[in-house]
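As given, the protein sequences belong to chains L and C, one line each in that order.
Under my numbering, the letters of the first sequence match residues 36 to 491, in that order.
Under my numbering, the letters of the second sequence match residues 36 to 491, in that order.
No residue lacks a Cβ here, since even glycine has one placed at the ideal position from N, Cα and C.
Number of protein chains: 2
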Amino acid sequence: MTAVETYLRANRARVLDDIVRFIAIPSVSTDPAHTVDVRRAADFVAAQLRGAGLADAMIHSTPGHPIVTASWRHAPGQPTVLIYGHFDVQPPDPLQAWHTPPFSPVIREARLYGRGASDDKGPMMIPIKVVEAYLATQRRLPVNLVFLFEGEEEVSSAHLGGFIAANKDLLAADFALSADGAQWRADLPSLITGSRGICALELEVFGASKDLHSGRHGGAVANPIQALVRLLAALHDEDGKVAVPGFYDEVAALPPGEIEAIAAIPFDEAGYLRAIGAAAGFGEAGYGLLQRNWIRPTLEFNGIGGGYAGPGKKTVIPSRAMAKISCRLVPDQAPEVIAQRVADFLRAKTPPGVRLALALEAGGARPYAIAPDHPGLVLAEAVLQEVTGIRPRHVRMGATVPFGGLLKDNLGIDTVFFSFATSDEDYHAPNEFFRLSSLDAGLAAWSSYLRRLARP
Amino acid sequence: MTAVETYLRANRARVLDDIVRFIAIPSVSTDPAHTVDVRRAADFVAAQLRGAGLADAMIHSTPGHPIVTASWRHAPGQPTVLIYGHFDVQPPDPLQAWHTPPFSPVIREARLYGRGASDDKGPMMIPIKVVEAYLATQRRLPVNLVFLFEGEEEVSSAHLGGFIAANKDLLAADFALSADGAQWRADLPSLITGSRGICALELEVFGASKDLHSGRHGGAVANPIQALVRLLAALHDEDGKVAVPGFYDEVAALPPGEIEAIAAIPFDEAGYLRAIGAAAGFGEAGYGLLQRNWIRPTLEFNGIGGGYAGPGKKTVIPSRAMAKISCRLVPDQAPEVIAQRVADFLRAKTPPGVRLALALEAGGARPYAIAPDHPGLVLAEAVLQEVTGIRPRHVRMGATVPFGGLLKDNLGIDTVFFSFATSDEDYHAPNEFFRLSSLDAGLAAWSSYLRRLARP
Chain L
36 MTAVETYLRA
46 NRARVLDDIV
56 RFIAIPSVST
66 DPAHTVDVRR
76 AADFVAAQLR
86 GAGLADAMIH
96 STPGHPIVTA
106 SWRHAPGQPT
116 VLIYGHFDVQ
126 PPDPLQAWHT
136 PPFSPVIREA
146 RLYGRGASDD
156 KGPMMIPIKV
166 VEAYLATQRR
176 LPVNLVFLFE
186 GEEEVSSAHL
196 GGFIAANKDL
206 LAADFALSAD
216 GAQWRADLPS
226 LITGSRGICA
236 LELEVFGASK
246 DLHSGRHGGA
256 VANPIQALVR
266 LLAALHDEDG
276 KVAVPGFYDE
286 VAALPPGEIE
296 AIAAIPFDEA
306 GYLRAIGAAA
316 GFGEAGYGLL
326 QRNWIRPTLE
336 FNGIGGGYAG
346 PGKKTVIPSR
356 AMAKISCRLV
366 PDQAPEVIAQ
376 RVADFLRAKT
386 PPGVRLALAL
396 EAGGARPYAI
406 APDHPGLVLA
416 EAVLQEVTGI
426 RPRHVRMGAT
436 VPFGGLLKDN
446 LGIDTVFFSF
456 ATSDEDYHAP
466 NEFFRLSSLD
476 AGLAAWSSYL
486 RRLARP
Chain C
36 MTAVETYLRA
46 NRARVLDDIV
56 RFIAIPSVST
66 DPAHTVDVRR
76 AADFVAAQLR
86 GAGLADAMIH
96 STPGHPIVTA
106 SWRHAPGQPT
116 VLIYGHFDVQ
126 PPDPLQAWHT
136 PPFSPVIREA
146 RLYGRGASDD
156 KGPMMIPIKV
166 VEAYLATQRR
176 LPVNLVFLFE
186 GEEEVSSAHL
196 GGFIAANKDL
206 LAADFALSAD
216 GAQWRADLPS
226 LITGSRGICA
236 LELEVFGASK
246 DLHSGRHGGA
256 VANPIQALVR
266 LLAALHDEDG
276 KVAVPGFYDE
286 VAALPPGEIE
296 AIAAIPFDEA
306 GYLRAIGAAA
316 GFGEAGYGLL
326 QRNWIRPTLE
336 FNGIGGGYAG
346 PGKKTVIPSR
356 AMAKISCRLV
366 PDQAPEVIAQ
376 RVADFLRAKT
386 PPGVRLALAL
396 EAGGARPYAI
406 APDHPGLVLA
416 EAVLQEVTGI
426 RPRHVRMGAT
436 VPFGGLLKDN
446 LGIDTVFFSF
456 ATSDEDYHAP
466 NEFFRLSSLD
476 AGLAAWSSYL
486 RRLARP
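If you want it as structure tokens, here you go:
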């Protein structure tokens, strides 16, 4: 066992305790009520980096939530890696579905439960603790590195691109390693070769200026819910395809052999559906489940509301109804182009008698892909095999990590996803958790990766 | 001025104070949290009846909310009238839209604001106070009467029919006068010759058993909101007609001349739309606004919900989405038949990958109509002309008062609507109010009606 591994093992209780304190900060980036908590999380991260031995740890203000950086560049001739993660989390709603409070982390059956445990507070603490172990035991790191942690990943990394563009020297690196971007499954080590992008918009439909009695006024004027459901229903055709003109126009052809490679991956579709409690798969006709999730774009409804949804009935014609839409994008769809096409379609389809208000969300994210033979990816493959004993598969990620596209656009470097979260850990849902076994595997893997990345 | 009128004028401040105390009881019948408040409202009504001099005032339990009765039958040879009203109210949501709290009644600009002020607490107190005035000044009433006040009007009078059927002797009368069923407009006295019925149902669409990350799982499984909006959008065709097979099958032919009579009623459509803040009328093609509201059935969406509707975005595929639907019915549509046809249609249209749960609400209400030459209606016409100086019009009511159909079915008697609420008073909406001028007109009119109903 190396000195680094011995150190990490000896300090495991404290490492876990630090992660627990981190999760207890409700850093919900989408909710203005939690702005101060996102700032507290940034303070916590900077303190952790300083505690690890990185004296230049620094909090940078942005027009949104802050960014934290720290670096160590004392290994001349060695590669430089940029390490990414995020300290903001998803909202905990619906609260009543949590077995224990989302921001009071608890360990049950070797799992750490809490909002952000898996996405991304547990995984992003791993490289910090590995750096601490190297500096504590060897006073140096095998390679150069720079940490980049943001507080806006869950709100499309709105200010990360601007920050990267303005801090190219600070962030200069050969490639990036991301602690975010969960592995596909808990039972099959995998490496991500592409992630979907995203764009999002919110629509509101307004009818009369006040709620109306559905008897006194029913039949006289438009019902905003009726107009809304007509609009939303028009967005997909009978086959589950998105009906917005031009939606699929820029979808890139796949690398040769990828369809066959996806088909060859062992995947228990029935088991997957059972695990999420779905009776059947469903989606765009003509594609298999993994294809729909990895290499095809989607248009999803994330929320809808209007009128009275409480107990009992209320015979009202509401004055307003709303919905939230997001699209997952594949190479080479541009988020701003797709959002505009969806918006144009909705405006053109708005029925008479109501008014449509549309808000295109800023900070959509591009889809991302890395060459299958990138040296950083090849090393990740070797380290994963070393730690798990299993040859990892190349997979795509249905989800979005805006970071990859932003680094490629601004610094011209690629990103290797090296997270030890797994996609079954209910992030973005109640009862999010992070496996303690993943924490241990992650500490071992990051230690090995930095050591093996160094040129002899 | 009669002694009754003098008494009412002298006691006006106390009458108003009693109405204010009545409105302050949050008797929301649809919400189980307010069950005790509906009971408190029943206690209040019984106490008011006893205070008026009706010693037999009584509270009757039902499987739902209670019913209050009281009678005076000491005028042999005179007609007997059954007087109806209700002491339950609509929910006050959305609370933030109220200028003052819904259950803290206030008077502003000669209007009494509060939930239930217009529907039906203000209007139903009028006949109680008129009876008090007769008994205080003359120790007798001109005619026989029985009061019937219920606590479930806003939840389709679920237990009123059973109560009437079981208490035919207690309730025996020549016809009914309803203190509920607002007049059409504040500026044109009117009498209602028909009201629409109602049926209602709630649907839930279930997908996966938990909320899913829209990136990790998007494209793989059905989105319940997507299924819900497809289902709801299918309920109307492009022309605003209800697309449920058989929906219009039993719609009765109108009495001769009614279309022309509706067309002859002075109605400022632009002013109406301005008053409710609607840009345009909208509804079933081929019918005018008043026709759509009075003599045509509707299918309305009263509420919809699912996923994340809070601030910011949450990229979730929800496990559940729901909607509330109600239909207004015209003669001779039966609520149970129409609800069943809507349910059958929704079941048949449910797309794959989701599960539909449907709850048909019990206690739908039949539509109602009275002959234009009914003597009680003719007297109401004369009294309204006497009090207002204007000849009242015959109108229909888009809204529902289940009471009319229940009395006709169970006692074989007709109902004359004699309410002094008006349809612009925002009942079923925030900032409900009752005009103090309507209170005064109502007290005068009910005093006159009882006097003129007596045979010489």
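When C-beta distances to chain L are compared with 8 angstroms, the residues of the segment 117-135 of chain C below that value are Gln-125, Pro-126, Asp-128, Pro-129, Ala-132, in chain order. Neighbours of Lys-156(C) across chain L, judged by C-beta separation under 9 angstroms, do not exist; the nearest C-beta is about 16 angstroms away.
Judged by DSSP secondary structure, Thr-172(C) falls within the alpha helix (DSSP H) whose first and last residues are 157-173. In chain order, Phe-241 place their CB closer than 6 angstroms to the CB of Arg-390(L), counting only its own chain and leaving out the 5 sequence neighbours on each side. Burial state of Gly-254(L) is buried, judged by a 10 Å Cβ sphere holding 16 or more other Cβ atoms. Nearest in C-alpha terms to Pro-127(L), of all of Phe-317(L), Ser-106(L), Gly-149(L), Met-432(L), is Gly-149(L).
Annotation: Gly-411(C) is outside any beta strand (DSSP E); the continuous alpha helix (DSSP H) that includes it extends over 410-423. Considering only beta carbons, the part of the segment 313-327 of chain L lying closer than 9 angstroms to chain C consists of Ala-313, Ala-314, Ala-315, Gly-316, Phe-317, Gly-318, Glu-319, Tyr-322, Leu-324, Leu-325, Gln-326, Arg-327, in chain order.
Closest in C-alpha terms to Leu-446(C), from the list Phe-453(C), Met-357(C), Phe-438(C), comes Phe-438(C). For His-95(C), none of the residues of chain L pass the 8 angstroms Cβ criterion, the least Cβ distance being about 22 angstroms. Along the segment 364-389 of chain C, going in chain order, the ones with a CB nearer than 9 angstroms to a CB of chain L are Pro-386, Pro-387, Gly-388, Val-389. Around the beta-carbon of Met-36(C), fewer than 16 other beta-carbon atoms lie within 10 Å, marking it exposed. Under a criterion of Cβ atoms nearer than 9 angstroms, no residue of chain L is adjacent to Thr-450(C); the nearest Cβ is some 16 angstroms distant. Contact with chain C is absent for Val-286(L), since none of that chain's Cβ atoms lies less than 8 angstroms from the residue's Cβ. Contact check for Gly-433(C) and His-252(L): beta-carbon distance about 7 angstroms, within the 8 angstroms limit, so the pair qualifies. Short of 6 angstroms from the beta carbon of Ala-76(L), and not among the five residues preceding or following it, lie these beta carbons of its own chain, in chain order: Ile-60, Ser-62, Phe-122. Pro-259(C) and Ala-356(C) do touch by the CB rule: their CB atoms are close to 4 angstroms apart, below 8 angstroms. Relative to Leu-247(C), the option among Ala-257(L), Gly-312(L), Leu-226(L) whose CA is nearest is Gly-312(L). Per the DSSP secondary-structure output, Trp-107(C) pairs in a beta bridge with Leu-180(C). Along the segment 233-252 of chain C, the positions whose C-beta sits under 8 angstroms from a C-beta of chain L are Ile-233, Ala-235, Glu-237, Gly-242, Ala-243, Ser-244, Lys-245, Asp-246, Leu-247, His-248, Ser-249, Gly-250, Arg-251, His-252, read in chain order. DSSP, reduced to helix, strand and coil, places Ala-320(L) outside both helices and strands of the structure shown, so it counts as coil.
By the Cβ test, the segment 439-459 of chain C is in contact with the segment 206-226 of chain C, since at least three Cβ pairs between them sit closer than 8 angstroms. If one requires a minimum length of 4 residues, the alpha helix (DSSP H) runs lying completely within the segment 56-124 of chain C are 70-87, in chain order. Taking a C-beta distance under 8 angstroms as the contact criterion, Ile-227(C) and Cys-362(C) do not qualify as a contact pair. When the beta-carbon positions are compared, Ala-378(C) and Leu-393(C) come within less than 8 angstroms of each other. Comparing alpha carbon positions, the residue from Leu-266(C), Met-93(C), Val-430(C), Ile-102(C) closest to Ala-296(C) is Val-430(C). Burial is judged here by how many other beta carbons sit within 10 angstroms of a residue's own beta carbon; Gly-112(C) has fewer than 16 and is exposed.
The C-beta distance from Leu-43(C) to Leu-485(C) rounds to 13 angstroms, too long to fall under 8 angstroms, and the pair is not in contact.
Neighbours of Lys-164(L) across chain C, judged by C-beta separation under 9 angstroms, do not exist; the nearest C-beta is about 26 angstroms away. For Glu-293(C), the closest Cβ of chain L is not nearer than 8 angstroms.
Separation of the CB atoms of Phe-336(L) and Leu-267(L) is rounded to 6 angstroms, and the pair is thereby assigned contact status at 8 angstroms. The criterion of a C-beta distance shorter than 8 angstroms is not satisfied by Met-93(L) and Ala-82(L). Within the model, the alpha-carbon separation for Pro-136(L) versus Leu-130(L) is close to 8 angstroms. If you look at Arg-363(C), you'll find it in the beta strand (DSSP E) that goes 355-364. If you check the CB distance, Ile-405(C) and Asp-367(C) do not come in under 8 angstroms.
Runs of beta strand (DSSP E) with 3 or more residues, each lying fully within the segment 287-347 of chain C, are found at 333-342, listed in chain order.
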